[in-house]
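Residue 3 is where the sequence shown starts when you use my numbering, and the numbers rise one by one after that.
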Amino acid sequence: MSGFNFDVITLFPKAFELINNLGVITKALDKNLIDVNLHDLREYGEGSYRQVDDKPYGGGAGMVLKPEPIYKAYDSIRKSPKRKTLLMTPQGKVLKQNDLVRWSTLDQVIIICGQYEGFDERVRFLADEEISIGDYVLSGGEIPALSIINGLTRLLPGTLGDPDSLVDESHNSPLLEYPQYTRPQVFKHMKVPEVLISGDHKEIELWRKEQQLKRTYKRRRDLMKSDELKKFDFEEDDKN
Ligand code: SAH
Numbered sequence: 003m004s005g006f007n008f009d010v011i012t013l014f015p016k017a018f019e020l021i022n023n024l025g026v027i028t029k030a031l032d033k034n035l036i037d038v039n040l041h042d043l044r045e046y047g048e049g050s051y052r053q054v055d056d057k058p059y060g061g062g063a064g065m066v067l068k069p070e071p072i073y074k075a076y077d078s079i080r081k082s083p084k085r086k087t088l089l090m091t092p093q094g095k096v097l098k099q100n101d102l103v104r105w106s107t108l109d110q111v112i113i114i115c116g117q118y119e120g121f122d123e124r125v126r127f128l129a130d131e132e133i134s135i136g137d138y139v140l141s142g143g144e145i146p147a148l149s150i151i152n153g154l155t156r157l158l159p160g161t162l163g164d165p166d167s168l169v170d171e172s173h174n175s176p177l178l179e180y181p182q183y184t185r186p187q188v189f190k191h192m193k194v195p196e197v198l199i200s201g202d203h204k205e206i207e208l209w210r211k212e213q214q215l216k217r218t219y220k221r222r223r224d225l226m227k228s229d230e231l232k233k234f235d236f237e238e239d240d241k242n
C-alpha cells in the first residue's frame with residue numbers, strides 16, 4: 003500500500019467514476035497520493051442471483067441490505083493498522099471538518115455505503131464510527147462517501163497546489179472565510195473593496211478578520227466562541 007487508501011463497499015461502484023473528473027481528487031489519484039478501491043457488494047451476494055438485500059423481519063416498506071455480503075466484502079479488504087471503518091447512515095454523527103482533519107492522519111478509511119431502506123442492524127458492529135453528512139435522507143451512501151473522499155483528500159500533503167489555502171478557509175477555524183475577489187476591479191458596478199488594492203498588508207489583515215467575524219456573526223452565530231461574540235457589536239444592516 004502506498005499513499006492513503008479509501009476502500010469503499012458499495013452496490014453502485016460506478017457512482018465513483020466521478021472521482022476521475024474532480025480536479026484535486028483526480029490529480030491526487032494520478033500522483034498516487036490516494037487509492038480508491040471499490041468493493042462491489044454484488045460480487046459478495048448470495049446464490050445465483052447474487053442476492054444482497056431482503057425483506058425486513060417484522061414487516062415494513064422496502065428492502066434491507068443483508069449482513070453476510072457486507073461482512074464478506076469487509077473481510078476481503080487488506081487492512082492497515084492505522085485505519086477507521088465508517089458506516090454511512092443518516093442516524094450517525096453529523097460530519098464536521100474536524101473529523102476529516104482527524105482521519106487525515108490515518109492511512110486507510112473503509113467506507114460502507116447503505117442502499118434502499120438501509121442495512122441489517124448487525125452491520126453496525128463493523129463500524130468504528132457512524133457518519134451522517136447532514137440531517138436529510140439520501141437514497142444511498144455513495145454521495146456521502148464521495149463527500150468524505152473529496153474533503154479528506156484535499157487535506158493530504160501534496161494534494162493542494164498551495165497548502166496555505168487550507169489555513170484561512172471556513173470551518174478550519176471557528177470562523178467562516180472572509181469575502182474573496184479576483185479581477186476585474188469593477189464588475190457590473192460592483193467594486194472590489196479599496197483596502198484590498200491598497201497594498202497595505204496590515205490593513206488587509208484587519209479588514210479580513212473583521213469580515214470573518216461579521217460573516218460568522220450574521221450567518222453562523224452557533225460557530226462562534228462566546229468571547230468572540232462578546233467583544234462584537236454589529237449593525238444589522240450590512241449585507242454580509
Ligand atoms: N431507513 C434508513 C435510511 C435509509 S437511506 C433510516 O431511516 O435510517 C439509505 C442509505 O443511504 C443509508 O443506509 C445510508 O447509507 C445512506 N444515507 C442516506 N442519507 C444519508 C446521510 N444523510 N448521511 C449518510 N448516509 C446517508
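Ideal placement from N, C-alpha and C gives every residue a C-beta, glycine not left out.
These numbers were taken from a predicted model, which means no experiment stands behind them.
Alpha carbon to alpha carbon, what distance is there between residue j and residue i?
{"i": "Asn174", "j": "Ala75", "result": "34 Å"}
{"i": "Gly147", "j": "Glu196", "result": "According to the sequence displayed, residue 147 carries Ala and not Gly. When rounded, the distance between both Cα atoms is 42 Å."}
{"i": "Lys68", "j": "Asp122", "result": "6 Å"}
{"i": "Val66", "j": "Trp209", "result": "53 Å"}
{"i": "Asp77", "j": "Gln213", "result": "50 Å"}
{"i": "Ile199", "j": "Phe189", "result": "15 Å"}
{"i": "Ile113", "j": "Val38", "result": "11 Å"}
{"i": "Ile150", "j": "Leu102", "result": "7 Å"}
{"i": "Pro83", "j": "Lys227", "result": "36 Å"}
{"i": "Arg44", "j": "Lys16", "result": "12 Å"}
{"i": "Cys115", "j": "Lys95", "result": "15 Å"}
{"i": "Arg104", "j": "Met192", "result": "40 Å"}
{"i": "Leu229", "j": "Ser167", "result": "Residue identity differs from the one stated: residue 229 is Asp in this sequence, not Leu. Roughly 26 Å between the two C-alpha positions."}
{"i": "Thr155", "j": "Gly49", "result": "37 Å"}
{"i": "Ile206", "j": "Ala63", "result": "57 Å"}
{"i": "Val194", "j": "Tyr183", "result": "7 Å"}
{"i": "Pro176", "j": "Leu97", "result": "15 Å"}
{"i": "Ser4", "j": "Phe127", "result": "28 Å"}
{"i": "Lys248", "j": "Ile79", "result": "Here the chain comprises residues numbered 3 to 242, so residue 248 is not present and cannot be evaluated."}
{"i": "Pro58", "j": "Lys211", "result": "53 Å"}
For residue i, which of helix, strand or coil comes out of DSSP?
{"i": "Asn39", "result": "strand"}
{"i": "Gln99", "result": "helix"}
{"i": "Phe8", "result": "strand"}
{"i": "Glu131", "result": "strand"}
{"i": "Arg223", "result": "helix"}
{"i": "Gln182", "result": "coil"}
{"i": "Gln187", "result": "coil"}
{"i": "Val169", "result": "coil"}
{"i": "Thr87", "result": "strand"}
{"i": "Lys216", "result": "helix"}
{"i": "Leu198", "result": "helix"}
{"i": "Lys193", "result": "strand"}
{"i": "Pro92", "result": "strand"}
{"i": "Val139", "result": "coil"}
{"i": "Ile206", "result": "helix"}
{"i": "Leu67", "result": "strand"}
{"i": "Ile112", "result": "strand"}
Among the options, which residue has its Cα nearest to the Cα of residue i?
{"i": "Leu157", "options": "Ile145, Gln99 and Ile135", "result": "Gln99"}
{"i": "Arg221", "options": "Leu178, Val194, Ile206 and His191", "result": "Leu178"}
{"i": "Leu13", "options": "Trp105, Lys190, Thr155 and Tyr118", "result": "Tyr118"}
{"i": "Gly142", "options": "Gly60, Val103 and Leu89", "result": "Leu89"}
{"i": "Tyr180", "options": "Gln187, Val188, Asp170 and Lys204", "result": "Asp170"}
{"i": "Ile135", "options": "Gly153, Arg124, Leu215 and Asp56", "result": "Gly153"}
{"i": "Gln93", "options": "Asp32, Lys29 and Ile133", "result": "Ile133"}
{"i": "Val139", "options": "Thr91, Asp166 and Lys95", "result": "Thr91"}
{"i": "Glu144", "options": "Phe6, Leu40 and Gly5", "result": "Leu40"}
{"i": "Ile72", "options": "Val54, Val26 and Asp32", "result": "Val54"}
{"i": "Leu35", "options": "Arg185, Asp202, Leu162 and Arg52", "result": "Leu162"}
{"i": "Gly120", "options": "Asp56, Val111, Gly25 and Arg217", "result": "Asp56"}
{"i": "Ala30", "options": "Ser172, Phe6, Gly47 and Gly61", "result": "Phe6"}
Contained alpha helix (DSSP H) runs [length at least 4] in the region 14-62, N- to C-terminal order: 26-32
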